[in-house]
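Notes follow the structure.
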Amino acid sequence: MQLWVSALLLSQAVAVLGHPGQSHEETPLKREFTKVYRDVNRRSLHSACGSNVAARDIDSAAERRDRKIAQLRDSLGLSRRDAASFLAETHLATRTGLSPSSSAADVFGTTVACILEPEATYGPYYVEGEYVRSDIRESQQGVPLYLDVQIVDTTTCTTIPEVYVEFWHTNATGVYSGVAANGNGNADDLSNLEATFLRGLVKTDSDGIASVSTNFPGHYTGRTTHVHIMAHMNGTLYPNNTYMSTNFAHIGQLFFDQSLISEVEAVNPYSTNTQAQTLNSDDSIFTGEASTTFDPIVSYVLLGDSVSDGIFAWISIGLNPEYNQNVDPAGYLQANSNSASTSATGASTDNTGTAATTTIVKTAKTTSIASSGFVRLSLCAALWFLGFALL
Numbered sequence: 000m001q002l003w004v005s006a007l008l009l010s011q012a013v014a015v016l017g018h019p020g021q022s023h024e025e026t027p028l029k030r031e032f033t034k035v036y037r038d039v040n041r042r043s044l045h046s047a048c049g050s051n052v053a054a055r056d057i058d059s060a061a062e063r064r065d066r067k068i069a070q071l072r073d074s075l076g077l078s079r080r081d082a083a084s085f086l087a088e089t090h091l092a093t094r095t096g097l098s099p100s101s102s103a104a105d106v107f108g109t110t111v112a113c114i115l116e117p118e119a120t121y122g123p124y125y126v127e128g129e130y131v132r133s134d135i136r137e138s139q140q141g142v143p144l145y146l147d148v149q150i151v152d153t154t155t156c157t158t159i160p161e162v163y164v165e166f167w168h169t170n171a172t173g174v175y176s177g178v179a180a181n182g183n184g185n186a187d188d189l190s191n192l193e194a195t196f197l198r199g200l201v202k203t204d205s206d207g208i209a210s211v212s213t214n215f216p217g218h219y220t221g222r223t224t225h226v227h228i229m230a231h232m233n234g235t236l237y238p239n240n241t242y243m244s245t246n247f248a249h250i251g252q253l254f255f256d257q258s259l260i261s262e263v264e265a266v267n268p269y270s271t272n273t274q275a276q277t278l279n280s281d282d283s284i285f286t287g288e289a290s291t292t293f294d295p296i297v298s299y300v301l302l303g304d305s306v307s308d309g310i311f312a313w314i315s316i317g318l319n320p321e322y323n324q325n326v327d328p329a330g331y332l333q334a335n336s337n338s339a340s341t342s343a344t345g346a347s348t349d350n351t352g353t354a355a356t357t358t359i360v361k362t363a364k365t366t367s368i369a370s371s372g373f374v375r376l377s378l379c380a381a382l383w384f385l386g387f388a389l390l
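Residue numbers (numbering that gives the first Met the number 0): 0 to 390.
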């Protein structure tokens, strides 16, 4: 109780110091900060003050840099031309007979698309150590989306087998699992911290393809509809079928035709989402992903007469396997280890998407957070957040 009271008092104090008497929609970084305190005894976080503050400073600087690059491209007419050319195209394939069971050659052709995808932010809602599974839907309702992602080594122009490709995105009403934060559904619903829906990893096959069964993502305020992806190499698969690595070879985001988004948004439960929509053309991260050679919008076919019958989509992602990024997750979900941990009950699924109750264990990467550790984290977080509020 004392821990939660401390967190509440700190968050209120910071709010007053930041912009007294004003009410603003929280930025993703501020939402992540709020989530840290809700999450302190559930999904684990780093206990070392220095690493947390430094990582968030880097994230903030990186986001400012990305915005600056996007602005420069806009001023030169480069981003607008590149993004506009992709936005003007339809990605609905005219080929017939394509489905999730089609061969790699039928879907991707016999010539490998050796194009490097620009890196993108992983956002404030990344949870590390999720389940390896080909169906991530669990009990979520929505338009079925069967997505094939082919991973290509741009240094050799060959596909890469046995890469763990991670997928995560919101549900039909714009809510991420594993997160309790303002702007992400009901921020007071702490049970969502233990949820794992629409998150998971798939290992690429001999053709370098990771095939995932999911739902078409919903939207939330400030972002266009998208799917996060991350390519892992040389990690560890734990006995409870969760996976963690320290080698993040690629971080990106995938997008959809605006016309397809509009069709899906008219279908229940997407139509019940009252959050403001952002178009592809107004999304700065989409602009950053679109390059002179890489199109971040997936190709697709409808599996029936309407989107409700399902969508099959595909895209090739080029990466340099020697590249590695630093990642600072919002939380962790992983197998038991020798470090301090707390047990909880979470949901796993088999390849059919049937939910099954499984005991999972959340563990910290470093030591567990004791009371004194929380005090240190609170002080450092307050100083960081105050500095962020004054930016």
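For each residue, glycine too, the CB sits at the ideal point set by N, CA and C.
All values derive from a computational prediction rather than experimental measurement.
Proximity of residue i and residue j at Cβ, strictly below 8 Å
i, j, result
"isoleucine 314", "leucine 302", "no"
"threonine 241", "glycine 128", "yes"
"aspartate 159", "proline 320", "Note on residue identity: the sequence assigns isoleucine, not aspartate, to residue 159. Against a cut-off of 8 Å, the Cβ pair of proline 320 and isoleucine 159 comes out as a contact."
"glutamine 140", "alanine 179", "no"
"methionine 229", "glutamate 165", "yes"
"alanine 256", "leucine 91", "Here residue 256 turns out to be aspartate, not alanine, going by the sequence shown. Contact: yes."
"tyrosine 124", "alanine 329", "yes"
"phenylalanine 254", "asparagine 279", "yes"
"arginine 198", "glycine 177", "yes"
"serine 133", "serine 205", "no"
"valine 106", "threonine 157", "no"
"proline 238", "threonine 169", "no"
"threonine 213", "leucine 146", "yes"
"tyrosine 299", "histidine 227", "no"
"isoleucine 208", "valine 148", "yes"
"proline 117", "serine 270", "no"
Own chain, CB closer than 7 Å to residue i, minus 5 neighbours either side, in chain order
i, result
"alanine 119", "Ile250, Gly251, Gln252, Ile284, Gly287, Glu288"
"glutamate 262", "Val306"
"glutamate 161", "Lys202, Thr203"
"isoleucine 296", "Phe85, His90, Phe254, Phe255, Asp256"
"glutamine 274", "Gly173, His218, Tyr219, Thr220"
"valine 266", "Val142, Val306, Ser307"
"alanine 103", "Asp206, Ile208"
"glutamate 264", "Ser270"
"leucine 236", "Val131, Tyr242"
Neighbourhood of residue i by C-beta distance below 6 Å, restricted to the same chain and skipping five residues each side
i, result
"leucine 115", "Thr153, Gly317"
"alanine 343", "Any reading at alanine 343 needs caution, since the residue's pLDDT is 29, under 50, leaving its predicted position unreliable; the model's value is listed next. Once the five neighbours on either side are set aside, the close Cβ partners of alanine 343 are Glu193."
"serine 130", "The residue you asked about is not serine; residue 130 is tyrosine in the sequence shown. If we look at tyrosine 130 and ignore the five residues flanking it on each side, its Cβ neighbours are Gly199, Asn240, Thr241, Ser347."
"proline 99", "Tyr145, Phe311"
"histidine 225", "Gln252, Phe254"
"tryptophan 167", "Arg198, His227"
"aspartate 294", "Phe85"
"alanine 248", "Ala230, Met232, Leu318, Pro320, Tyr322"
Close-in-space but distant-in-sequence residues of the same chain around residue i (CB under 8 Å, 5 per side omitted)
i, result
"asparagine 246", "His231, Met232, Asn233, Gly234, Asn323"
"phenylalanine 196", "Ile135, Arg136, Glu137, Ser138, Gln139, Asn170, Ser176, Ala346"
Burial state of residue i, where buried means 16 or more other Cβ atoms lie within 10 Å
i, result
"glycine 108", "exposed"
"leucine 189", "exposed"
"glutamate 31", "A caution first: glutamate 31 carries a pLDDT of 38, below 50, which makes its placement in the model unreliable, though a value can still be read off. Answer is buried; the Cβ neighbour count reaches 16."
"serine 84", "exposed"
"aspartate 304", "exposed"
"threonine 292", "exposed"
"tyrosine 331", "buried"
"glycine 96", "exposed"
"threonine 223", "buried"
"aspartate 282", "buried"
"asparagine 185", "exposed"
"aspartate 187", "exposed"
"asparagine 325", "exposed"
Strand pairing of residue i, partner residues [DSSP]
i, result
"isoleucine 114", "DSSP, once it has assigned bridges, lists no residue as partnering isoleucine 114."
"serine 210", "Asp147"
"serine 315", "Gln149"
"threonine 158", "Val151"
"arginine 222", "Tyr219"
"glycine 330", "Val126"
"valine 174", "None, per the DSSP bridge assignment."
"leucine 91", "Tyr299"
"threonine 235", "Met243"
Boundaries (first-last residue) of the beta strand (DSSP E) holding residue i
i, result
"glutamate 137", "Premise fails: glutamate 137 is in no beta strand (DSSP E) and is neither H nor E."
"glycine 251", "247-253"
"glutamate 404", "A question about residue 404 goes unanswered here, because the residues of the chain that appear run from 0 up to 390."
"alanine 301", "The identity of residue 301 in the sequence shown is leucine, whereas the question assumes alanine. First-last of the beta strand (DSSP E) with leucine 301: 298-301."
"isoleucine 228", "226-231"
Start and end residues, alpha helix (DSSP H) containing residue i
i, result
"glutamine 324", "Premise fails: glutamine 324 is in no alpha helix (DSSP H) and is neither H nor E."
"alanine 103", "103-107"
"glycine 287", "283-288"
"leucine 200", "Careful: leucine 200 lies outside any alpha helix (DSSP H), inside the beta strand (DSSP E) at 198-202."
"asparagine 260", "This sequence places isoleucine at residue 260; asparagine is not what is there. Per DSSP, isoleucine 260 belongs to the alpha helix (DSSP H) from 257-264."
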